[in-house]
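For reference, the structure discussed in these notes is given below.
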């Protein structure tokens, strides 16, 4: 091959690569645009679950989840396989640390991880990048940050979620009391995780949350919320606590929530992309 022929072939290859790259960029941008239009009308992503190889948990841990998570039992077999895959992946990406001689067992990881997967099951991005480690105490612990005792908290600076295991378990003991420490604290993580993210689930979450806050500004709806005593007073501490408390009710007593506050229920449904009362 002569020098001129080689140069010609090289130019053709380079132009071919550039053309293919341009086509890929156009396709990706087009799909993104289509999805944003779709989400504007339908309030959900074009797709939520797409995996190349599904990971599974053991039959023993499957049974563990079935006994403790009604949410899992409402999923069909294919969705349960997605749940398992996300659970294995989530646990693998997080550091679990025990304090005050607390032993972090596989079941502890499964219980905590399944709570996170349940809340993010309707979202495409579920790994919660603002969270890197989960710290578990056997009971209420003393926080050196604000010098008070805590049952649970999320520290975004340290990317750390902290639980009292005793209080985490108590959250699941009564299924419909709208008090669940795990759900509450993970909602803080999810809420902050949507900040400054451009993925479609984060965009939908932020938009619905803004509309939720606008609803709260309407005097007649706010008065109805307060007078009903359905949500505990702690919900009105700030917008973060308001959302966390609402989601506790959304999951633990969805039918009652939907019947009494359909406007608020609809927004939580959009944010999580799951209808807990739809069964």
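In the numbering used here, the protein residues as written are 3 to 281. We treat Cβ as the ideally placed atom computed from N, Cα and C, and that holds for glycine.
Taking its Cβ as the centre, do 16 or more other Cβ atoms sit within 10 Å of residue i, making it buried, or is it exposed?
i           : result
residue 13  : exposed
residue 281 : Here the model assigns residue 281 a pLDDT of 43, short of 50, so the residue's position is not dependable, and the following value carries that caveat. Label assigned to residue 281: exposed.
residue 113 : buried
residue 27  : exposed
residue 264 : exposed
residue 43  : exposed
residue 88  : buried
residue 36  : exposed
residue 19  : exposed
residue 61  : exposed
residue 50  : buried
residue 166 : buried
residue 53  : exposed
residue 151 : exposed
residue 164 : buried
residue 105 : exposed
residue 219 : exposed
residue 198 : exposed
residue 212 : exposed
residue 15  : exposed
residue 21  : exposed
Only counting the same chain, and skipping five residues up and downstream in sequence, which positions put a Cβ closer than 7 Å to that of residue i?
i           : result
residue 215 : 241
residue 32  : none
residue 266 : 214, 217 and 248
residue 190 : 156, 242 and 246
residue 141 : 166 and 168
residue 193 : 242 and 245
residue 115 : 89, 92 and 93
residue 85  : 74, 77, 119 and 123
Who are the near neighbours of residue i in its chain, counting only those whose CB is closer than 6 Å to its CB and skipping five residues on each side?
i           : result
residue 127 : 201 and 203
residue 178 : 254 and 255
residue 120 : 73
Would you kindly check if the distance between the Cβ of residue j and the Cβ of residue i is under 8 Å?
i           : j           : result
residue 185 : residue 117 : yes
residue 262 : residue 232 : yes
residue 269 : residue 195 : no
residue 101 : residue 139 : yes
residue 275 : residue 57  : no
Might you give, ordered along the chain, the residues of its own chain that have their beta carbon closer than 8 Å to the beta carbon of residue i, omitting 5 neighbours on each side?
i           : result
residue 97  : 134, 135 and 136
residue 143 : 101, 102, 151, 152, 164 and 166
residue 83  : 56 and 58
residue 71  : 116 and 120
residue 129 : 91, 92 and 95
So residue i and residue j are supposed to be a Cβ contact under 8 Å. How far apart are they, rounded?
i           : j           : result
residue 188 : residue 273 : That belief does not hold up - the Cβ atoms of residue 188 and residue 273 are roughly 13 Å apart, past 8 Å.
residue 259 : residue 251 : 5 Å
residue 181 : residue 154 : Actually they do not touch by this definition, with Cβ atoms about 12 Å apart.
I'd like to know whether the C-beta of residue i is nearer than 8 Å to at least one C-beta of chain C.
i           : result
residue 101 : The question asks about chain C, but that chain is absent: this structure has only one protein chain.
Looking at C-beta atoms only, is the number of pairs between the segment 59 to 66 and the segment 99 to 118 that lie closer than 8 Å three or more?
Counting Cβ pairs under 8 Å, three or more are found: they touch.
Is there contact between the segment 163 to 173 and the segment 219 to 232, where contact requires at least three CB pairs shorter than 8 Å?
The segment 163 to 173 is not in contact with the segment 219 to 232.
Contact between the segment 84 to 97 and the segment 146 to 161 is defined here as three or more beta-carbon pairs at a separation below 8 Å; is this criterion met?
The segment 84 to 97 is not in contact with the segment 146 to 161.
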